[in-house]
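A.B. asks: Pasting a structure below so you can have a look.
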Amino acid sequence: MTRDSVIESAKTVGIDFVPERPSTPQTPPGTDVQFNDQLDIFRCNEDLDGWQDFELLPPSYRARRQSQRALNRWSSILLVLLSIAIGTSIALWTRGRRMIQRNTAIIALAEPVGQLRQRAELLETENTLLEKWCQWVESAKPDDSAMQVLGAVATATHPNGPLPPDRHLDVQSIEVKLPVEYDVAAPTAPSWAEPSFSLTVRAHRRDVLMPWNERLERIERLKDLKVNTPNGNWQEALIQVGAVPLSTKVVP
119 MTRDSVIESA
129 KTVGIDFVPE
139 RPSTPQTPPG
149 TDVQFNDQLD
159 IFRCNEDLDG
169 WQDFELLPPS
179 YRARRQSQRA
189 LNRWSSILLV
199 LLSIAIGTSI
209 ALWTRGRRMI
219 QRNTAIIALA
229 EPVGQLRQRA
239 ELLETENTLL
249 EKWCQWVESA
259 KPDDSAMQVL
269 GAVATATHPN
279 GPLPPDRHLD
289 VQSIEVKLPV
299 EYDVAAPTAP
309 SWAEPSFSLT
319 VRAHRRDVLM
329 PWNERLERIE
339 RLKDLKVNTP
349 NGNWQEALIQ
359 VGAVPLSTKV
369 VP
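When the count follows this note's numbering, it moves up by one through the sequence shown with no breaks and lands on 370 for the last residue.
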């Protein structure tokens with residue numbers, strides 16, 4: 119079998135044969151043809167001794183093998199990436215669980231504080247409502263300042279019950295005007311809002327006027343007391359008294 123026949127046989131079965139062609143010395147002249155054939159067979163066998171010169175697998179199988187290698191390589195890469203993703207997901211899940219547990223513990227510890235805050239807000243609301251109720255009660259309570267002034271004047275005028283007719287003081291007129299509420303934005307208080315007190319009496323005897331005047335000055339419900347007579351004559355029987363009554367609050 120010659121080398122060419124081996125190559126042809128290999129090609130017929132789909133085997134690629136790319137033999138290396140070594141440089142062969144020239145056949146010396148006078149060499150027998152049979153010897154040359156044997157030499158060619160020996161060289162062919164020598165060349166066939168290394169399988170690296172032959173590819174016994176068909177091209178389709180080689181392509182499939184390369185594809186399989188590439189698939190295995192990419193599968194390994196994807197497996198590594200999947201492992202990294204799974205590890206990261208587990209780490210994030212673990213961190214999230216720890217954070218949830220920590221937040222739960224913080225909420226449990228802060229719950230009494232929240233309850234105290236709600237209780238304080240409720241008490242503040244109740245206190246505000248009670249203050250409004252107190253203001254409503256105070257505003258609805260009748261003001262007896264005018265009665266207090268009238269009672270004090272009556273006590274000063276008749277300290278020990280009814281007097282004899284000659285020592286009796288007849289009240290001709292009395293006026294008590296308490297302070298009235300007005301706009302605080304006004305520069306001065308209007309005249310109708312200012313308090314005032316006036317009293318006019320007639321005495322049957324002049325000697326009862328000075329003690330009566332002293333008793334009026336001791337009244338705590340009046341201030342800036344002024345007592346005068348017409349024309350400034352104390353011998354007159356008509357006495358006029360002016361003062362400023364004190365009030366617990368302004369009249370709305």
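Glycine included, each C-beta is placed from N, C-alpha and C at the ideal position.
May I ask you to list the residues that DSSP assigns as paired with residue 363?
C.D. replies: Answer is 340.
A.B. asks: Identify whether residue 312 lies in helix, strand or coil by the three-state DSSP scheme.
C.D. replies: Coil, per DSSP.
A.B. asks: Taking the Cβ atom as the reference point for each residue, do residue 330 and residue 275 lie within a distance shorter than 9 Å?
C.D. replies: It is a contact, given that the beta carbons lie within the stated cut-off.
A.B. asks: By how many angstroms is the C-alpha of residue 247 removed from the C-alpha of residue 362?
C.D. replies: Each residue's Cα considered, the two are about 36 Å apart.
A.B. asks: What are the start and end residues of the beta strand (DSSP E) that includes residue 268?
C.D. replies: Element bounds for residue 268: not the beta strand (DSSP E) but the alpha helix (DSSP H), 263–275.
A.B. asks: Taking Cβ to Cβ, would you say residue 277 is nearer than 9 Å to residue 320?
C.D. replies: Cβ distance not < 9 Å, so residue 277 and residue 320 don't count as in contact.
A.B. asks: Pull the bridge partners of residue 287 from the DSSP assignment, please.
C.D. replies: DSSP output for residue 287 lists 321 as bridge partner(s).
A.B. asks: Under 6 Å Cβ to Cβ from residue 163, same chain only, skipping five residues before and after it: list those, please.
C.D. replies: With a pLDDT of only 48 at residue 163, under the threshold of 50, the placement of this residue in the model should not be trusted, and no figure is reported.
A.B. asks: For residue 359, count the other beta carbons within 10 Å of its own beta carbon; 16 or more makes it buried, fewer makes it exposed. Which is it?
C.D. replies: So residue 359 counts as buried.
A.B. asks: Quick check: the Cα distance between residue 357 and residue 300, rounded to an integer number of angstroms?
C.D. replies: Spanning the two alpha carbons is a distance of roughly 33 Å.
A.B. asks: Straight-line CA distance for residue 306 to residue 249?
C.D. replies: Cα to Cα, residue 306 sits roughly 31 Å from residue 249.
A.B. asks: Look at residue 264 and residue 337 and say whether their C-beta atoms are less than 9 Å apart.
C.D. replies: No; because the gap between Cβ atoms is not below 9 Å, this pair is not in contact.
A.B. asks: Does residue 278 come out as helix, strand or coil in the three-state DSSP assignment?
C.D. replies: Coil at residue 278, not helix or strand.
A.B. asks: Confirm, please, whether the CB-CB distance from residue 340 to residue 267 is below 9 Å.
C.D. replies: It is a contact, given that the beta carbons lie within the stated cut-off.
A.B. asks: Please classify residue 177 as buried or exposed, where buried requires at least 16 neighbouring CB atoms within 10 angstroms.
C.D. replies: Per the 10 Å Cβ criterion, exposed.
A.B. asks: Consult DSSP for residue 293 and reduce its assignment to one of helix, strand or coil.
C.D. replies: The answer is strand: DSSP assigns residue 293 an E or B state.
A.B. asks: Using the Cα positions of residue 325 and residue 251, report the straight-line distance between them to the nearest angstrom.
C.D. replies: Their Cα atoms are separated by approximately 53 Å.
A.B. asks: What does residue 346 pair with, by DSSP beta-bridge criteria?
C.D. replies: Answer by DSSP bridge pairing, in chain order: 358.
A.B. asks: What separation, rounded to the nearest whole angstrom, lies between the Cα atoms of residue 298 and residue 280?
C.D. replies: Going from the Cα of residue 298 to the Cα of residue 280 covers about 35 Å.
A.B. asks: Between which two residues does the alpha helix (DSSP H) carrying residue 329 extend?
C.D. replies: Counting along the chain, the alpha helix (DSSP H) containing residue 329 begins and ends at 327–335.
A.B. asks: With a threshold of 16 other CB atoms inside 10 Å of the CB of residue 308, please say whether the residue is buried or exposed.
C.D. replies: Burial call: exposed.
A.B. asks: Residue 316 and residue 293 look like a contact to me (Cβ under 8 Å); what is the Cβ gap, rounded to whole Å?
C.D. replies: Indeed they touch by this definition, with Cβ atoms about 5 Å apart.
A.B. asks: Quick check on the burial criterion: 16 or more other C-beta atoms within 10 angstroms. Buried or exposed for residue 313?
C.D. replies: That one is buried.
A.B. asks: Can residue 262 and residue 322 be called in contact, C-beta distance under 9 Å?
C.D. replies: No. Outside cutoff.
A.B. asks: Under a Cβ-count criterion, where at least 16 other Cβ atoms within 10 Å of its own Cβ denotes burial, should residue 168 be classed as buried or exposed?
C.D. replies: Residue confidence for residue 168 is low, a pLDDT of 47 falling below 50, so the modelled location carries little weight; the figure read from the coordinates is stated next. Residue 168 comes out exposed.
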